[in-house]
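Participant:
Chains as they are written, first to last, in our numbering: chain A, 1 to 296; chain B, 1 to 296; chain C, 1 to 296; chain D, 1 to 296.
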């Protein structure tokens, strides 16, 4: 049976491809006009354009989406990188004809795993899920049931360097563009992140910066807070300190024990992670410094 | 004592004025580039630009904000209207150097009245509050305490046409740009709206389209809904049917009687109305058909 | 492999059973004391007790949960019914030792189906899922994959009476306590509901009473609302008019087309339906007239 | 002109007074039945009763509201304290016939001040506002305009002990039951709190425990969070560490500068503080350890 996600993919490929550029750099007059003019002169048609200025920092941010002339996305992509460099801007260009290759990292908890996979099958996530990686074998059956390759790479304190080397080799061999940590309970080392060099999205089960570190629901319960949260962020070498993509909260009362917080937290984790991944895949998230600009 | 709102006004006037254009019309290739190019060629600097396409209806929407060269807002305003017409687009241009003249219509309830006036004094609303109009004398003391002129124009079923004529003469004499119905419990006739020809924002105390008409909190209580709402919309000849600008809801339970719904509703009405008025004054609301595009 | 839901079930059965009584009837002095005294005198221990008075209607509502002496839930259950009748109160008594037998009705959309089943496997729903019933064969594979019996009963305008008779026979043969319409796109007839005589929970994909009837997301989009909603309610003979159990909303903007509303709606439908079913199974929902009291 | 708040007060005094008891202590079987039985035997009628058990800590919590026989609230109050002590429970009993005497502490910001006073005039807060205390003279005119006595007590690092002594003398002379810090920008010393011995409610302009300390909106902006919050809590000797009564959040994006966060924060601060004060005045907040149980 044809997966809905594959069907959507086919439909997209039949459509004219669109290009999405994320730009940022020193602000200067006329940037909007220049970029729009460049696209127009090459026969492209702008579908969406969204700008932001950080007036304090003097930085210009833009997301622009356009249909290139004759659907020639690769020529325009290369030319745009050159043009952006001439403007002194950082750029990242995505083509709708290219689907990001994604690896899911999981441990034992399966709620984010099911949620991401089901949304992907529903066509909500424009990507290819090409690998499930876990330090435990527990979710192997589910992964295979979904038709997803499952890679069991155990990790202990002693074997971490070797395990990370195996993970890296796997990711590079599969040409993975994005790693999603779907409640993967291990910390990725700074070395791993530096060598992988591509984005890693993590879901932290609290409203960061509150309750960083372990057992955040226990911390929240002990402090008696009235709201619990979840935070999706890019993983960086400083645990729980990476650029925040999305956050949400849910109300709790004295009636909720730690178990209820965990249950309510699962719902938050699912929706916050899925939203962050979707925004990332749609080229809506621009990172600068330790913050994000989300063009939603 | 100098009002904060006056101070903000003075500061703004010392700043370079900015222009905000709201555009909409038939979609065509190159619109973003053309508008940006037009501004750039005249020496202007685009601060924000936000576009939207209704692909089904084939309509293009844009909000663009720029600093005109040498702060000359009036020349650019006139020229932009001409340019937009040449593009076949509807346009509305606002200058930050011009403050909208606003009249508040009230009856007896004072919560939205206090809320709007206090936000205005805080500098949140870029306008001049030049008149308070009421069909009851109850809020006269408060209005005068705030230093606002109060106009008591009683309305009964028999005197409505004459009362509306007095209201119109007052609004036109004061050159009012916007009427805010801050829990004014009377319906404005289609004739009034047609003659006034400028926007009127109303706050309806329910989640429209549910519970249109009178006593919506009683209706909500009788139906046993679990959320109550408030809706800010432009007034049109069809009561409760005008373009919606903003809506919000609050959770209620069986423990809440009608009085509690009314109390919770007051908070919703205040925040929803204030937000709608602020968006309108900042040139963020574009009306087309019976809907709005809010560039927030 | 032992399902988590089965494990939770076993743990619960090893625990002392608790009884939950939902009471309502004419208010009278001393009801709280009488009920509490009755339980105490029989050696029971009240764990939770929550009361509500509708002072206008003069009705008293109570949810009380207790551990019966020596874990003898069946004797206390029978005795409580007698006692409540003597007080002139309507009562419904649930024992934690009894798991409700639930049938899921589905059509083609699978998001609520996956969501309910996965929560059940996670142990969030205290029930036995004993049947999946559908008018289409599409979800058969998924149901069987979850280890759930799947019953395909096609329904057309002509065959509806016969199809409903088959459904009824199935439900009665399986002694089903609760039917959950998880985006089952057919209307159940008044005759069906009258004969089944047990609760049926439906998820309606709008903020009722707004946008009742078909294609509510299209209606919402056409009206230009800024929030969309979902409503879980008990099915009654009047479509979309049954007692509301739970509602929630999500914010939408002009950027969201009908497809986005559908996608956002799926998330609402999942969480609203699951919450309503969970409250029902925990004996937290009391129906009176056309409204509910939810003791959350 | 008769204030609405005075009118509500008169109406309440004509009504039968009700008593509210907040109880907590070691859990033991039969507590609900005993308390209900005690009230019933004395001819009282329970209007509401809400219980909670912290099963881990083995603590029982209850809020019970009843009409005493013949409206005799003072006899029942005294008797209930004796009864609760015999049960080994801590108790606090409030009579609706007694209105709490409240002092508002303010500095220069007026948004929470206006909000609390206007809600009080609307009849939302069952108390007497008997004093406004400030370390700055700025809000004197507004306070007097509302008919509220204004006490200017300047505070500097050197004069703090003397200033706090003056504050204490004032509060004790006025028999103040509750101090509300409505954006009072000074820290109250541990000595002050120890000597005052009555509750002090503070509004902190962040989602505690994140961004404790000064300039929280700047901290939030620097960290790039996607939600900002406000927290109402009882003041304790450990700044920002007291028991949390209420919290709420608002969504922010990269488009919001620090000033926008401040503006959005004002709305949060108003509603969160007002809700916390209202719950406190209605006897809905029970403090134990460093947490609260809110019977809402």
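Ideal placement from N, C-alpha and C gives every residue a C-beta, glycine not left out. Please read these numbers as outputs of a predicted model, since none were measured by experiment.
1) Opposite residue 51/C in the DSSP bridges: which residues?
2) I'd like to know whether the C-beta atoms of residue 182/B and residue 116/B end up nearer to each other than 7 Å.
3) For residue 135/C, does the three-state DSSP call read helix, strand or coil?
4) Starting from the beta carbon of residue 350/D, find every residue of chain C whose beta carbon is closer than 8 Å, and list them in chain order.
5) Put residue 204/D into one of helix, strand or coil per three-state DSSP.
6) Could you give the first and the last residue of the continuous beta strand (DSSP E) run that contains residue 75/C?
7) How would you call residue 19/A, buried or exposed, if buried means at least 16 neighbouring beta carbons within 10 angstroms?
8) Is residue 60/B closer than 7 Å to residue 31/B when the C-beta atoms are compared?
9) Grab the span of the alpha helix (DSSP H) containing residue 172/D for me, first residue to last.
10) Note down, in chain order, every chain C residue with its Cβ under 7 Å from the Cβ of residue 267/A.
11) Closer than 7 Å by beta-carbon distance: list the chain B residues that pair up with residue 49/A, in chain order.
12) Taking only beta-carbon atoms, is residue 247/D less than 7 Å away from chain A?
13) In chain C, which residues lie with their C-beta within 8 Å of the C-beta of residue 244/B?
14) I'd like the span of the beta strand (DSSP E) that includes residue 106/A, first residue to last.
15) Is the CB of residue 291/B under 7 Å away from at least one CB in chain C?
16) Are any of the Cβ atoms in chain D nearer than 7 Å to that of residue 68/A?
17) Taking 8 Å as the limit between beta carbons, can you name the residues of its chain near residue 75/D, skipping five residues before and five after?
18) Where residue 257/B and residue 95/D are concerned, what is the direct C-alpha to C-alpha distance, given to the nearest angstrom?
19) Out of curiosity, what's the CA-to-CA distance linking residue 153/C and residue 217/A?
20) Three-state secondary structure (DSSP) at residue 116/A?
21) Indicate whether at least one CB of chain C lies closer than 7 Å to the CB of residue 254/B.
22) Along the alpha helix (DSSP H) that carries residue 35/A, what are the first and last residues, could you check?
23) Using the three-state DSSP reduction, which class does residue 153/C fall into: helix, strand or coil?
24) Any beta carbon from chain D within less than 7 Å of residue 210/A's own beta carbon?
25) Taking Cβ-Cβ distances below 9 Å as the criterion, which residues of the stretch 99 to 116 of chain C are in contact with chain A?
26) If you follow the alpha helix (DSSP H) that residue 193/D is part of, which residue opens it and which one closes it?
27) Under 7 Å Cβ to Cβ from residue 52/C, same chain only, skipping five residues before and after it: list those, please.
28) In three-state terms, what does DSSP make of residue 26/C?
29) Does residue 118/B have its Cβ less than 7 Å from a Cβ in chain D?
30) Regarding residue 287/B and the ligand NAD, is the C-beta to nearest heavy atom distance less than 6 Å?
31) By how many angstroms is the C-alpha of residue 109/C removed from the C-alpha of residue 142/C?
32) When you compare the CB of residue 20/A with every CB in chain B, is at least one pair closer than 7 Å?
33) Looking at the structure shown, is residue 19/D part of a helix, part of a strand, or coil, going by DSSP?
34) On a CA-only basis, which of 35/B, 34/B, 47/B is nearest residue 28/A? Give me that one, please.
35) With H, G and I counted as helix, E and B as strand and the rest as coil, what does DSSP make of residue 252/D?
36) Between 81/B, 296/B, 130/B, 245/B, which has its C-alpha nearest residue 235/B's C-alpha?
Facilitator: Based on what the coordinates show:
1) To locate residue 51/C, count along the third chain from 1; it is residue 51. Beta-bridge pairing links residue 51/C to 62/C.
2) Here residue 182/B is taken as the residue at index 182 of the second chain, counted from 1. Here residue 116/B is taken as the residue at index 116 of the second chain, counted from 1. Contact: yes.
3) Numbered from its first residue, the third chain carries residue 135/C at position 135. Residue state, collapsed to three classes: coil.
4) The question about residue 350/D has no answer, for chain D in this structure spans 1 to 296.
5) Locating residue 204/D in the fourth chain gives position 204, counting from the first residue. Note: residue 204/D maps to strand in three-state DSSP.
6) Counted from its first residue, the third chain places residue 75/C at position 75. Counting along the chain, residue 75/C falls outside any beta strand (DSSP E), though it belongs to the alpha helix (DSSP H) covering 73 to 87.
7) The sequence position of residue 19/A within the first chain is 19, counting from 1. Buried, since its Cβ has 16 or more Cβ neighbours within 10 Å.
8) Against the second chain, residue 31/B aligns to sequence position 31. Against the second chain, residue 60/B aligns to sequence position 60. Against a cut-off of 7 Å, the Cβ pair of residue 60/B and residue 31/B comes out as a contact.
9) Against the fourth chain, residue 172/D aligns to sequence position 172. Its alpha helix (DSSP H) spans residues 160 to 173.
10) One-based indexing of the first chain puts residue 267/A at position 267. Residues of chain C passing the Cβ test: 271.
11) Numbered from its first residue, the first chain carries residue 49/A at position 49. Simply 32, 49, 51.
12) As a first step, residue 247/D must be located in the fourth chain, where it is residue number 247. For residue 247/D, the answer is yes, since a Cβ of chain A falls inside 7 Å of its Cβ.
13) Along the second chain, one-based indexing puts residue 244/B at 244. The contacting residues are 223, 224, 225, 226.
14) Start at 1 with the first residue of the first chain, and residue 106/A comes out as number 106. Residue 106/A -> beta strand (DSSP E) spans 100 to 106.
15) Here the question's residue 291/B lines up with position 291 in the second chain. It does; some Cβ of chain C falls within 7 Å.
16) Within the first chain, the letter at position 68 stands for residue 68/A. Answer no: the Cβ-Cβ gap between residue 68/A and chain D never drops below 7 Å.
17) Translated into positions along the fourth chain, residue 75/D becomes position 75. Closer than 8 Å at Cβ, skipping near neighbours: 68.
18) Working through the second chain from its first residue, we reach residue 257/B at position 257. Working through the fourth chain from its first residue, we reach residue 95/D at position 95. In a straight line, the C-alpha of residue 257/B is about 22 Å away from that of residue 95/D.
19) Sequence index remark: in the third chain, residue 153/C carries index 153 (1-based). Sequence index remark: in the first chain, residue 217/A carries index 217 (1-based). Going by the C-alpha atoms only, they are around 45 Å apart.
20) In the first chain, counting from the first residue as 1, residue 116/A sits at position 116. Residue 116/A falls in the helix class under three-state DSSP.
21) Residue 254/B sits at position 254 when you count from the first residue of the second chain. Yes, residue 254/B counts as interfacial toward chain C.
22) If you number the first chain from 1, residue 35/A lands on position 35. Segment 31 to 41, the alpha helix (DSSP H) holding residue 35/A.
23) Taking the first residue of the third chain as position 1, residue 153/C is located at position 153. Coil.
24) If you number the first chain from 1, residue 210/A lands on position 210. So yes, residue 210/A belongs to the interface.
25) 110, 111, 114, 115
26) Translated into positions along the fourth chain, residue 193/D becomes position 193. That run of the alpha helix (DSSP H) goes 190 to 196.
27) For the purposes of this step, residue 52/C is taken as the residue at position 52 of the third chain. Contacts found: 61, 293.
28) Counted from its first residue, the third chain places residue 26/C at position 26. Correct three-state label for residue 26/C: strand.
29) Indexing the second chain from 1 puts residue 118/B at position 118. Yes, residue 118/B counts as interfacial toward chain D.
30) For the structure depicted, the ligand NAD is absent and the ligand set is empty, with no information on it obtainable.
31) As a first step, residue 142/C is located in the third chain; it is residue number 142 there, counting from the start. As a first step, residue 109/C is located in the third chain; it is residue number 109 there, counting from the start. Taking the straight line joining both Cα atoms gives about 12 Å.
32) Working through the first chain from its first residue, we reach residue 20/A at position 20. It does not: the Cβ of residue 20/A has no partner Cβ on chain B nearer than 7 Å.
33) On the fourth chain, position 19 is the one that residue 19/D refers to. Of the three classes helix, strand and coil, the one that applies to residue 19/D here is strand, per DSSP.
34) Mapped onto the first chain, residue 28/A falls at position 28. Of 35/B, 34/B, 47/B, the residue nearest in Cα terms is 47/B.
35) The residue given as residue 252/D occupies position 252 in the fourth chain. DSSP places residue 252/D in coil when its eight states are reduced to three.
36) Position 235 of the second chain, counting from 1, holds the residue named residue 235/B. The candidate whose alpha carbon is nearest that of residue 235/B is 245/B.
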